[in-house]
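Sequence order for the protein chains is A and B. Take any residue in the first sequence, count from 1 to its spot, add 22: that is its number in our numbering. Take any residue in the second sequence, count from 1 to its spot, add 22: that is its number in our numbering. For glycine and all other residues, C-beta sits at the position ideal for the given N, C-alpha and C. As the structure is a prediction and not an experimental result, all values here were calculated from the model.
There are 2 protein chains.
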Amino acid sequence: MTLPQALAFDVFGTVVDWRTGIARQSAGFLAEVGLGARDPAAFADAWRAQYLAAMAGMRASGRAFVPLDVLHREMLETALRDWGIDPAACKETLLAEWTRAWHRLDPWPDAVEGLTRLKVRFPIVTLSNGNVALLMNMARRAGLPWDAILGAEVSGVYKPDPRAYLATAELLQMEPGALCLVAAHHSDLAAARASGLLAAHVARPHEYGGAPAPDAHHRQAWDWSATSLTDLADQLGC
Amino acid sequence: MTLPQALAFDVFGTVVDWRTGIARQSAGFLAEVGLGARDPAAFADAWRAQYLAAMAGMRASGRAFVPLDVLHREMLETALRDWGIDPAACKETLLAEWTRAWHRLDPWPDAVEGLTRLKVRFPIVTLSNGNVALLMNMARRAGLPWDAILGAEVSGVYKPDPRAYLATAELLQMEPGALCLVAAHHSDLAAARASGLLAAHVARPHEYGGAPAPDAHHRQAWDWSATSLTDLADQLGC
Numbered sequence: 023m024t025l026p027q028a029l030a031f032d033v034f035g036t037v038v039d040w041r042t043g044i045a046r047q048s049a050g051f052l053a054e055v056g057l058g059a060r061d062p063a064a065f066a067d068a069w070r071a072q073y074l075a076a077m078a079g080m081r082a083s084g085r086a087f088v089p090l091d092v093l094h095r096e097m098l099e100t101a102l103r104d105w106g107i108d109p110a111a112c113k114e115t116l117l118a119e120w121t122r123a124w125h126r127l128d129p130w131p132d133a134v135e136g137l138t139r140l141k142v143r144f145p146i147v148t149l150s151n152g153n154v155a156l157l158m159n160m161a162r163r164a165g166l167p168w169d170a171i172l173g174a175e176v177s178g179v180y181k182p183d184p185r186a187y188l189a190t191a192e193l194l195q196m197e198p199g200a201l202c203l204v205a206a207h208h209s210d211l212a213a214a215r216a217s218g219l220l221a222a223h224v225a226r227p228h229e230y231g232g233a234p235a236p237d238a239h240h241r242q243a244w245d246w247s248a249t250s251l252t253d254l255a256d257q258l259g260c
Numbered sequence: 023m024t025l026p027q028a029l030a031f032d033v034f035g036t037v038v039d040w041r042t043g044i045a046r047q048s049a050g051f052l053a054e055v056g057l058g059a060r061d062p063a064a065f066a067d068a069w070r071a072q073y074l075a076a077m078a079g080m081r082a083s084g085r086a087f088v089p090l091d092v093l094h095r096e097m098l099e100t101a102l103r104d105w106g107i108d109p110a111a112c113k114e115t116l117l118a119e120w121t122r123a124w125h126r127l128d129p130w131p132d133a134v135e136g137l138t139r140l141k142v143r144f145p146i147v148t149l150s151n152g153n154v155a156l157l158m159n160m161a162r163r164a165g166l167p168w169d170a171i172l173g174a175e176v177s178g179v180y181k182p183d184p185r186a187y188l189a190t191a192e193l194l195q196m197e198p199g200a201l202c203l204v205a206a207h208h209s210d211l212a213a214a215r216a217s218g219l220l221a222a223h224v225a226r227p228h229e230y231g232g233a234p235a236p237d238a239h240h241r242q243a244w245d246w247s248a249t250s251l252t253d254l255a256d257q258l259g260c
């Protein structure tokens, strides 16, 4: 296999553990709205569960691009309503800080070491649906050493739109086939491959708290399959 | 003075010494086109001298945005013609590598230490007319620890268009007045201030090899005035 010229990373689930971080932070917020007895991990799942629908809704409606923070806020309000809370009755500062929980997620234990090793040999960039401020705040807090923060907000379209992958390769002045997407999600990798990118899978069996991933049916034989980012660094000779 | 929430940096001349780097690399290229006896620093000046005209030309013509690498190539061809060389008679690989000399510039001696210290307290991003690949390649080679690479290619307009400054603040989710441009150029700082940004000047008396800067008439009393990026770090308590 020819080595890539650069690595582009999915972030939520691949580099950071969104479920544990959102659950931990939601515990306090849920208490503030009178739901302190409920399971915060279930709330994290309920919040994230609207993600695919939100992406599809953006595409189907032809709505002008808005940053993921805006969608996270809308998804939060929907999740609250589903749990019997009227978001209009909540303090604005509470909803704003809750939404920004996505800026404060912890990396998987192997992520910082793996990225640091991979960065010696390859440019490492984000190719995430997260917006620039979100990813930058997360990186500063978690110590993620990105060379550049690219993805949906910079390209103006959300994955899995092919333009999100192709625009990232173009910004890096590379042919799509020289860029490798690194992701825990088979659906993301399938879309990247359909656009001509290389594809490296990283297994994150705990992303959904041990529950099965929703995109297992997109599984293919990927160019690389790793159990962690340090394992990927081993495989790529870093 | 209220401290900024983030620092956005001009790059060419402010963080890296373009003149010395372009002259050093041009020496070999000039020899290849039969101009080995000419002064490579004068060629660097001739190449860069077209920069403001290229920016103005982009604006005046309504030409769709193209990355700075494309303008650098056009400016190189003009400079060669001015020096009596027909670029159409040059090898494509020579012209391409010569254009990429802008990716391989060295930082001013204080830059890496200054940025590293400033980054502890403030997010540090580029707000340069350089394109993403150029700035990322430069940063990897020179060790510039940017939190994010922003600027013309991400915002779709070149400085000093106000939208270049305002789009950067918006991507960082900040009011313009919370973002500080750090630049060696009074014209750049004046445009940033006109858009509501804070402004920090860094003196680079050797940018033009000791010749006077072309924008001295834009000088104002800036929010901070520093002799180096380490001096700016001192002034900002880093």
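Element boundaries [beta strand (DSSP E), containing residue i]
{"i": "aspartate 246 of chain A", "result": "In the sequence as displayed, the identity of residue 246 of chain A is tryptophan instead of aspartate. 246 to 248 is the span of the beta strand (DSSP E), which, as asked, contains tryptophan 246 of chain A."}
{"i": "valine 147 of chain A", "result": "146 to 150"}
Residue i - containing alpha helix (DSSP H), residue span
{"i": "isoleucine 107 of chain B", "result": "First-last for isoleucine 107 of chain B: undefined, no H or E at that position."}
{"i": "phenylalanine 65 of chain A", "result": "62 to 71"}
{"i": "asparagine 159 of chain B", "result": "154 to 164"}
{"i": "aspartate 253 of chain B", "result": "251 to 257"}
{"i": "leucine 116 of chain A", "result": "114 to 121"}
Coil, strand or helix - residue i by DSSP
{"i": "valine 134 of chain B", "result": "helix"}
{"i": "phenylalanine 51 of chain B", "result": "helix"}
{"i": "alanine 28 of chain B", "result": "strand"}
{"i": "valine 33 of chain A", "result": "coil"}
{"i": "proline 38 of chain B", "result": "Note that residue 38 of chain B is valine in the sequence shown, not proline. The answer is strand: DSSP assigns valine 38 of chain B an E or B state."}
Check whether residue i and residue j have beta carbons under 8 Å apart
{"i": "aspartate 183 of chain B", "j": "alanine 221 of chain B", "result": "no"}
{"i": "glutamate 135 of chain A", "j": "asparagine 153 of chain A", "result": "no"}
{"i": "aspartate 128 of chain A", "j": "serine 250 of chain A", "result": "no"}
{"i": "asparagine 159 of chain B", "j": "leucine 90 of chain B", "result": "no"}
{"i": "phenylalanine 65 of chain B", "j": "leucine 74 of chain B", "result": "no"}
{"i": "tyrosine 187 of chain B", "j": "alanine 214 of chain B", "result": "yes"}
{"i": "threonine 190 of chain B", "j": "leucine 157 of chain B", "result": "no"}
{"i": "histidine 208 of chain A", "j": "histidine 240 of chain A", "result": "yes"}
{"i": "alanine 155 of chain A", "j": "leucine 93 of chain B", "result": "no"}
{"i": "arginine 226 of chain B", "j": "tryptophan 124 of chain B", "result": "no"}
{"i": "leucine 29 of chain B", "j": "leucine 166 of chain B", "result": "no"}
{"i": "phenylalanine 31 of chain A", "j": "isoleucine 146 of chain A", "result": "yes"}
{"i": "leucine 258 of chain A", "j": "valine 224 of chain A", "result": "no"}
{"i": "alanine 206 of chain B", "j": "threonine 36 of chain B", "result": "yes"}
{"i": "alanine 248 of chain A", "j": "glutamine 27 of chain A", "result": "no"}
{"i": "tyrosine 180 of chain B", "j": "methionine 77 of chain B", "result": "yes"}
{"i": "proline 236 of chain B", "j": "glycine 218 of chain B", "result": "no"}
{"i": "alanine 68 of chain A", "j": "aspartate 104 of chain A", "result": "yes"}
{"i": "glycine 178 of chain B", "j": "arginine 41 of chain B", "result": "no"}
Within-8 Å CB hit, residue i to chain B
{"i": "glutamate 114 of chain A", "result": "no"}
{"i": "alanine 155 of chain A", "result": "yes"}
{"i": "proline 109 of chain A", "result": "no"}
{"i": "proline 129 of chain A", "result": "no"}
{"i": "proline 145 of chain A", "result": "yes"}
Residue-chain proximity (residue i, chain A), Cβ-Cβ < 8 Å
{"i": "methionine 160 of chain B", "result": "no"}
{"i": "alanine 170 of chain B", "result": "yes"}
{"i": "leucine 193 of chain B", "result": "yes"}
{"i": "glutamate 175 of chain B", "result": "yes"}
{"i": "proline 184 of chain B", "result": "no"}
{"i": "proline 198 of chain B", "result": "no"}
Runs of alpha helix (DSSP H) lying entirely within the segment 167 to 240 of chain A, each at least 4 residues, in chain order: Complete alpha helix (DSSP H) runs here, min 4: 174 to 177, 184 to 193 and 208 to 216.
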